[in-house]
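Convert by adding 2 to the 1-based position in the sequence shown; the result is the number in the numbering used here. Below is one structure, written out as structure tokens; the observations come after it.
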Amino acid sequence: MAVDTSKTAERVRFDIAHEIGHLMMHEMVSEDVVAAGTRDIESEAHSFAANLLMPERRVLGMVPTHASVPQILTAKRYFKVSAMAMARRAYELDRLSEWEYRQVCSELTVQGYKSGEPRGLRPEQSKVFRFVADTNRQKGISVSMVSEETGLIPQELHGLSFGNIWAVTGGMHS
């Protein structure tokens with residue numbers, strides 16, 4: 003599974019949970035079922051992600067009925083999700099009416115939450131990639147050796163490892 007690191011950390015977390023939903027629920031779903039439209043696997047994966055990151059009982063205990071924007075933002079920080087995802091979950095769990103949901107989304111958009119996450123999370127870092135990169139360095143395994151073995155250029159390795167494998171600078175491999 004690869005993630006788009008140009009997205010906010012909150013969105014990346016939701017995307018990963020969404021993809022885990024596909025792995026858990028749809029590994030054996032045939033292309034015929036998808037083509038026939040008898041199941042909406044994207045909606046199922048979205049629901050899985052929402053339930054994983056924002057469990058119903060915890061949301062109901064934290065987000066009051068008729069929640070305000072500050073209450074949505076408090077919950078967003080607690081669950082480490084985007085403000086829009088938190089508002090949507092509050093709506094799905096009847097903490098916001100349809101009208102309130104639209105009003106909250108409108109206010110969040112004005113505050114910059116539609117296109118980003120002001121004062122959002124720092125991106126999570128892979129401990130595995132850092133360990134592998136450090137171990138390779140200690141053993142004298144260069145980026146160019148890894149590049150040759152994988153068929154990936156150093157810049158690709160750098161991006162795929164979330165910056166844990168050094169990139170090419172000035173024509174030399176680090």
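For every residue, glycine included, the Cβ atom is placed at its ideal position computed from N, Cα and C.
- Per DSSP, reduced to three states, the secondary structure at M86 is helical.
- With the rule of 3 Cβ pairs closer than 8 Å, the region 65 to 72 counts as touching the region 95 to 104.
- Within the region 55 to 87, the runs of alpha helix (DSSP H) at least 4 residues long that lie entirely inside it are, in chain order, 58 to 64, 71 to 81.
- Out of D6, A11, E158, V5, the CA that lies nearest to the CA of V83 is found in A11.
- Between A19 and L55, the C-beta gap is smaller than 8 Å, which places the two residues in contact.
- Note on geometry: alpha-carbon atoms of E29 and F131 lie some 26 Å from one another.
- Within its own chain, no residue has a Cβ closer than 6 Å to the Cβ of N53 once the five positions on either side in sequence are excluded.
- Per DSSP, Q113 lies in no alpha helix (DSSP H) and is assigned neither H nor E.
- Going by DSSP, V130 is part of the alpha helix (DSSP H) stretching over 129 to 140.
- Here the C-alpha atom of Y80 lies approximately 43 Å from the C-alpha atom of E150.
- Scanning its chain for C-beta atoms nearer than 8 Å, with the 5 sequence neighbours on each side dropped, one finds no residue around S45.
- DSSP places I43 in the helix class (H, G or I) of the three-state scheme.
- Across the structure, S8 and E102 are spaced so that their CA atoms are roughly 30 Å apart.
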